[in-house]
Amino acid sequence: MSGTLNSIAVFGPGLMGGSLLMALRQRHPQIRLGIWARRQEAIEEAVCHGLADFASTDAAEVAGRAGSIVLCVPVDRMKEISLAIADAVGPDTLVTDVGSVKKRVVDELEAVFAKDANFIGSHPMCGSEEAGMAAARADLYQDAICVVTPTEKSRPDMVEAAKNLWGMVGGRVAEMEPGRHDRAAALVSHVPHVAAAALVELVGSESPDVRKLCAGGFRDTTRVASGPAELWTAILALNRDETVRALDELIGLLGSVKDALADDRLKDITRLLAAAAAERAKILRSAK
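The sequence shown runs 8 to 295 under this note's numbering.
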């Protein structure tokens, strides 16, 4: 294991950060783990679980003691935290993140850490509608796709360190250009979240007797709508262009289905449903 990964500090011990700490402690007990959080109570909770060898509400203090830093804060706060620690980060310290938006985050944080080119964007595809340290679990990253998004500015050794980090907790590492990542994330994550929320609003506006019929299909389709509203607002705002484009495409598809149904073109509906079932099976197989 490289010296970069001998001590790893998590900034924000919530679901993602707490799960990373748990996985590292369980799989690699020799690694020194650090924690930064805004609230002392959050630090004390993690310490009580035995997940910290050093911890503080002083971001620069924690950064100065870490060989790797993983930013697990909301995407709209990453630049703020990065500016607070930039002077304390060592030249060979890996800085990465778990944000589900990459182009904006990578552009901003590569500029903050331009001197040593040691920021590498990451996005583990394993979030949950739950939040906070109470929802964290050691197996969250096991078999999860962990996207690393280097650019032409990235140092090869830092890219390798980022890949190794996610591999150490059981992730399946993929590499993707930041802009391409955001297009993909809009399609497979951001638009589904908006669609789930819209479906909840649709059903919620109906009378109680309608809502009583919500069973497995409704729960499965709308599960992600339970996610933290402020967190998701920030994600959608930072990936605005790609999300709007994907929403337009979805609206177009829904319009086509609506027109086919209104015109009694049931064979078209059957073809669409059959094609979707077959395509879903192919997509899920390729994701394994």
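Where is the CB? At the ideal position from N, CA and C, for every residue including glycine. These numbers were taken from a predicted model, which means no experiment stands behind them.
Cutting at 6 Å between CB atoms, please list the residues of its own chain near Glu122, excluding the five before and the five after it.
Sequence check: residue 122 is Lys here, not Glu. Hits under 6 Å: none found.
Simplified DSSP assignment, three categories, for Val108:
coil
What is the DSSP secondary structure of Phe61, counted as helix, strand or coil?
Residue state, collapsed to three classes: strand.
For Ser161, does the count of other Cβ atoms within 10 angstroms reach 16, so buried, or fall short, so exposed?
When all chains shown are included, Ser161 counts as buried.
Kindly list the residues whose CB is nearer than 6 Å to the CB of Ala186, restricted to its own chain and excluding five residues on each side of it in sequence; keep chain order.
The question names Ala, but residue 186 is Gly in the sequence shown. Lys110.
N- and C-terminal bounds of the alpha helix (DSSP H) containing Gly211
198-211
Could you tell me if Lys170 is buried or exposed, where buried requires 16 or more neighbouring beta carbons within 10 angstroms of its beta carbon?
buried
Contact between the segment 112-126 and the segment 143-151 (3+ Cβ pairs under 8 Å):
Contact between the segment 112-126 and the segment 143-151 is absent, with fewer than three C-beta pairs closer than 8 Å.
Using 8 Å for Cβ pairs, my map puts Gly71 next to Ala95. What's the rounded Cβ distance?
4 Å
Please go through the same chain and pick out, in chain order, the residues whose beta-carbon is closer than 7 Å to the beta-carbon of Met8, but skip the five residues on each side of it.
With a pLDDT of only 48 at Met8, under the threshold of 50, the placement of this residue in the model should not be trusted; the figure read from the coordinates follows. Closer than 7 Å at Cβ, skipping near neighbours: no residue.
Ignore the nearest five residues each way along the sequence and tell me which others in Asn246's own chain have a CB closer than 7 Å to its CB.
The residues are Val108, Asp189, Ala192, Ala193, His197.
Mind pulling the beta strand (DSSP E) runs of 3 or more residues that sit fully within the segment 238-280?
none
Under 9 Å, do Ser89 and Ser14 count as touching if we go by C-beta distance?
no
Quick one: give me the first and last residue of the alpha helix (DSSP H) that His35 is part of.
His35 -> no alpha helix (DSSP H), and no H or E assigned at all.
Considering only their Cβ atoms, is the gap separating Gly106 from Met85 smaller than 9 Å?
It is a contact, given that the beta carbons lie within the stated cut-off.
Does the distance from the C-beta atom of Glu73 to that of Ala124 stay below 9 Å?
Residue identity differs from the one stated: residue 73 is Ala in this sequence, not Glu. Their beta carbons are not under 9 Å apart, which means Ala73 does not touch Ala124 by this criterion.
Let me know the secondary structure DSSP gives Thr100 once reduced to three states.
Under the three-state reduction of DSSP, Thr100 is assigned to coil, being neither helix nor strand.
Taking contact to mean 3 or more Cβ pairs, one atom from each stretch, closer than 8 Å, check whether the segment 200-207 and the segment 226-234 are in contact.
yes
Reference Gly178, options Cys153, Leu40, Glu167, Val195, closest by Cα:
Nearest of Cys153, Leu40, Glu167, Val195 to Gly178, Cα basis: Cys153.
Which term fits Gly25, buried or exposed, when burial requires 16 or more other beta carbons within 10 angstroms of its beta carbon?
buried
CB of Gly19 within 9 Å of CB of Leu78, strictly:
In this structure, Gly19 places its C-beta atom within 9 Å of the C-beta atom of Leu78.
In this structure, does DSSP put Leu78 in helix, strand or coil?
strand
Buried versus exposed, by CB contacts within 10 Å (16 or more), Gly21:
buried
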